[in-house]
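Asks:
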DNA sequence: TAACTGTATTAATTAAATTAATACAGTAGT
DNA sequence: ACTACTGTATTAATTTAATTAATACAGTTA
């Protein structure tokens with residue numbers, strides 16, 4: 014479920030946070046699903062439990078999970094988080110378009126990429 | 014020309030590298046333009062010259078600049094680098110579209126963002 | 001009670017970025 | 001030749017953050 018990249022210059026706990034966010038935002042992990050326990054995931058990844066603890070604390074701080082002492086960590090209601098994510102994606106789209114324009118890439122080219130992705134995904138919107 | 018963000022968790026030298034890359038990819042700095050000297054930029058930013066040295070070494074390694082001992086550092090011929098950047102931007106566009114699709118954002122919405130950016134930029138492509 | 005779960009805390013270790021202090025070498029102008 | 005710039009290289013010290021280690025305490029479940 015989680016794969017660490019030690020060449021990545023970002024800290025381990027951050028990689029873990031991001032990976033779980035992806036799994037939750039893409040609905041692979043759904044509301045109230047239980048995350049691996051701090052100690053078991055630490056064993057799996059061969060790292061210190063404190064590092065998992067830190068990652069989970071971060072996920073909770075951001076509202077992605079909630080924890081119940083003695084029971085475990087669980088995926089939070091993430092509908093509002095998905096909405097935030099949508100906004101962030103649109104901002105990312107703006108940045109991409111800005112840079113593309115600066116490089117002389119035509120807008121039509123970007124649109125073509127979008128069409129390819131959405132066709133593959135089985136969706137059609139226009 | 015360069016502004017450092019000390020809250021940014023990325024190292025200073027990396028911020029400097031990225032900022033110069035932006036300036037060169039957007040043609041604000043053109044081929045053979047001279048960069049500030051190692052020592053003067055270090056003074057301006059109130060940091061150690063070694064840090065600038067490292068940033069410039071990185072820029073040279075990546076092919077963005079060339080250095081002439083005794084004279085200074087200069088913007089390299091960056092036509093091929095701009096081509097690489099175009100490819101990277103298209104890849105970024107793919108990722109954005111993938112995530113957007115996963116979140117249920119319609120492709121038409123992404124295209125609308127693109128149109129807005131390109132209109133503002135004075136360009137028209139379709 | 002045993003075996004899980006999460007949380008908190010403090011200290012030690014590790015790794016990387018940054019600074020500091022030099023030294024050496026090429027260029028340009030006087 | 002001298003001065004004042006430029007880049008490059010090197011070594012050590014400092015600083016900061018991530019990670020590990022070792023515990024302790026608390027709630028859950030059977």
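Chains as they are written, first to last, in this note's numbering: chain G, 14 to 139; chain B, 14 to 139.
Where is the CB? At the ideal position from N, CA and C, for every residue including glycine.
These numbers come from a predicted model, not from an experiment.
#1: Exposed or buried, what is residue 118 of chain G when buried is set at 16 or more other beta-carbons lying within 10 Å of its beta-carbon?
#2: Can you name the start and end residues of the beta strand (DSSP E) that residue 81 of chain G belongs to?
#3: Per DSSP, what kind of secondary structure is residue 134 of chain G in: helix, strand or coil?
#4: Taking Cβ positions only, does residue 128 of chain G come closer than 8 Å to chain B?
#5: Name the chain B residues whose beta carbon is nearer than 8 Å to that of residue 76 of chain G?
#6: Look up residue 88 of chain G in the DSSP assignment and give the residues it is bridged to.
#7: If you draw a straight line from the C-alpha of residue 24 of chain G to the C-alpha of residue 56 of chain B, how long is it?
#8: Near residue 45 of chain G, what residues of its chain come up, given a Cβ to Cβ distance below 7 Å and the 5 sequence neighbours on each side ignored?
#9: What is the residue span of the alpha helix (DSSP H) that residue 15 of chain G lies within?
#10: Once you ignore the five residues that flank residue 68 of chain G on each side, which residues in its own chain have a CB closer than 6 Å to its CB?
#11: Using 10 angstroms around the beta-carbon of residue 61 of chain G, count the other beta-carbons present and answer buried if the total reaches 16, otherwise exposed.
#12: Starting from residue 29 of chain B, trace the alpha helix (DSSP H) in both directions and tell me its first and last residue.
#13: Which stretch, first to last residue, makes up the alpha helix (DSSP H) that contains residue 51 of chain B?
Replies: Quick look at the numbers:
#1: The count along the first chain starts at 1 and reaches residue 118 of chain G at position 105. Classification of residue 118 of chain G: buried, given that the 10 Å Cβ count is 16 or more.
#2: By 1-based counting over the first chain, the position of residue 81 of chain G is 68. Segment 78 to 81, the beta strand (DSSP E) holding residue 81 of chain G.
#3: As a first step, residue 134 of chain G is located in the first chain; it is residue number 121 there, counting from the start. Here residue 134 of chain G sits in coil by DSSP.
#4: Residue numbering aside, residue 128 of chain G sits at position 115 when the first chain is read from its first letter. It does: the Cβ of residue 128 of chain G has a partner Cβ on chain B nearer than 8 Å.
#5: If you number the first chain from 1, residue 76 of chain G lands on position 63. Those do not exist, as residue 76 of chain G stays about 16 Å from chain B at its closest Cβ, beyond 8 Å.
#6: The count along the first chain starts at 1 and reaches residue 88 of chain G at position 75. G/78.
#7: Here residue 24 of chain G is taken as the residue at index 11 of the first chain, counted from 1. Here residue 56 of chain B is taken as the residue at index 43 of the second chain, counted from 1. Each residue's Cα considered, the two are about 31 Å apart.
#8: Residue mapping note: residue 45 of chain G aligns to position 32 of the first chain, counting from 1. Closer than 7 Å at Cβ, skipping near neighbours: 87 and 88.
#9: Within the first chain, the letter at position 2 stands for residue 15 of chain G. No alpha helix (DSSP H) holds residue 15 of chain G; DSSP gives it neither H nor E.
#10: On the first chain, position 55 is the one that residue 68 of chain G refers to. 26, 29 and 30.
#11: Along the first chain, read from residue 1 onward, the residue named residue 61 of chain G stands at position 48. Exposed is the call here.
#12: For the purposes of this step, residue 29 of chain B is identified with residue 16 of the second chain, where counting begins at 1. Segment 25 to 38, the alpha helix (DSSP H) holding residue 29 of chain B.
#13: For this step, residue 51 of chain B is matched to residue 38 along the second chain. Run containing residue 51 of chain B: 51 to 58, per the alpha helix (DSSP H) assignment.
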